[in-house]
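**Student:**
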Amino acid sequence: MPLSAQQLAAQKNLSYVLAEKLAQRILAGKYAPGSILPGEMELGEQFGVSRTAVREAVKTLTAKGMVLPRPRIGTRVMPQSNWNFLDQELLSWWMTEDNFHQVIDHFLVMRSSLEPQACLLAATLGTAEQKAQLNALMEEMVFLKKHFNRERWVEVDMAWHEHIYMMSANPFLTSFASLFHSVYHTYFTSITQDEVVKLDLHQAIVDAIQESDGQQALSACQALLAAPTHQQVNK
1 MPLSAQQLAA
11 QKNLSYVLAE
21 KLAQRILAGK
31 YAPGSILPGE
41 MELGEQFGVS
51 RTAVREAVKT
61 LTAKGMVLPR
71 PRIGTRVMPQ
81 SNWNFLDQEL
91 LSWWMTEDNF
101 HQVIDHFLVM
111 RSSLEPQACL
121 LAATLGTAEQ
131 KAQLNALMEE
141 MVFLKKHFNR
151 ERWVEVDMAW
161 HEHIYMMSAN
171 PFLTSFASLF
181 HSVYHTYFTS
191 ITQDEVVKLD
201 LHQAIVDAIQ
211 ESDGQQALSA
221 CQALLAAPTH
231 QQVNK
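For what it's worth, full-length UniProt numbering labels the leading residue of the sequence shown as 1, then goes sequentially.
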């Protein structure tokens, strides 16, 4: 008998949950690269799901480069170099409490390479309307210095950075900002305590962009990224 829409949805949800659990075990090294995952029946019994859910979970991990199923061999865990870390689900699975600092360290290396270029392009390619929107975000950041709200600051800070990526008019840079939205949110939340963060350095970037000075915008962004956060100072 064919499954109902509700049953199909439930099965899909079970397969996703199983994929997440298996991925986190792989990420934690419990299933090492080169090792063979337990078979369908064993995984089904271990996690209380059907063999169909197991197969769907394996398909999900295969699409992310984490495993490779082979007839008569089993499902092999692939080397980390094969994993697609630019996959939003894989990113969210990777960013656990145990892996937080590792993920953030890798993220900041990439950010330090891309965000200054985004600022340069924003200064040279941003439209008058986009610059006005950036000014409005900056004005709210200044307002929050006197009327601080931690949750709102994180939201505005994220919107400010993502808007600059959008101003760059570079589809790869805008995709980076979109892809790493959750990482940005987690990072900004972690470094924000009870006051605004590096307000003067944000203002320096805005000033350079308003003046269409690409090199100054790039340098100002590098200064922002190089400045220690409250979290780093108190380590």
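All residues carry an ideal CB built from backbone N, CA and C; glycine is no exception.
Note that the structure is predicted; figures quoted are calculated from it, not measured.
Is it right to say L3 is buried, meaning 16 or more other beta carbons lie within 10 angstroms of its own, or is it exposed?
**Tutor:** The predicted model places L3 with a pLDDT of 49, which falls under 50 and marks its position as unreliable; any figure quoted below should be read in that light. Classification for L3: exposed.
**Student:** Could you please give the first and the last residue of the uninterrupted alpha helix (DSSP H) stretch that includes L120?
**Tutor:** 100–125
**Student:** Go through its chain and collect everything with a Cβ distance to Y187's Cβ below 6 Å, but skip five positions before and after it.
**Tutor:** Apart from the 5 residues on each side of it in sequence, Y187 sits with its Cβ closer than 6 Å to the Cβ of I104 in its chain, given in chain order.
**Student:** Under three-state DSSP, which class holds G44?
**Tutor:** helix
**Student:** Below 7 Å between beta carbons: does that hold for L121 and S81?
**Tutor:** no
**Student:** Would G44 and T124 qualify as a contact pair, given that the criterion is a beta-carbon distance under 7 Å?
**Tutor:** no
**Student:** Roughly how many angstroms lie between the CA atoms of P116 and N170, to the nearest whole one?
**Tutor:** 13 Å
**Student:** Does the distance from the C-beta atom of A63 to that of L18 stay below 7 Å?
**Tutor:** no
**Student:** For P69, list the residues DSSP reports as bridge partners.
**Tutor:** Note: P69 is bridge-paired with T75 in the DSSP secondary-structure output.
**Student:** Measure the CB-CB distance between H161 and L134 and report whether it falls below 7 Å.
**Tutor:** no
**Student:** Among residues of its own chain, excluding the 5 on either side of A5, which ones have a beta-carbon nearer than 6 Å to its beta-carbon?
**Tutor:** The pLDDT assigned to A5 is 49, lower than 50, so where the model puts this residue is not dependable, and the model offers no usable value.
**Student:** Exposed or buried, what is S175 when buried is set at 16 or more other beta-carbons lying within 10 Å of its beta-carbon?
**Tutor:** exposed
**Student:** Only counting the same chain, and skipping five residues up and downstream in sequence, which positions put a Cβ closer than 7 Å to that of A32?
**Tutor:** V77
**Student:** Could you give the first and the last residue of the continuous alpha helix (DSSP H) run that contains G214?
**Tutor:** 214–226
**Student:** Select from L201, L37, L91 the residue whose C-alpha is nearest the C-alpha of H106.
**Tutor:** L91
**Student:** Roughly how many angstroms lie between the CA atoms of K131 and E211, to the nearest whole one?
**Tutor:** 10 Å
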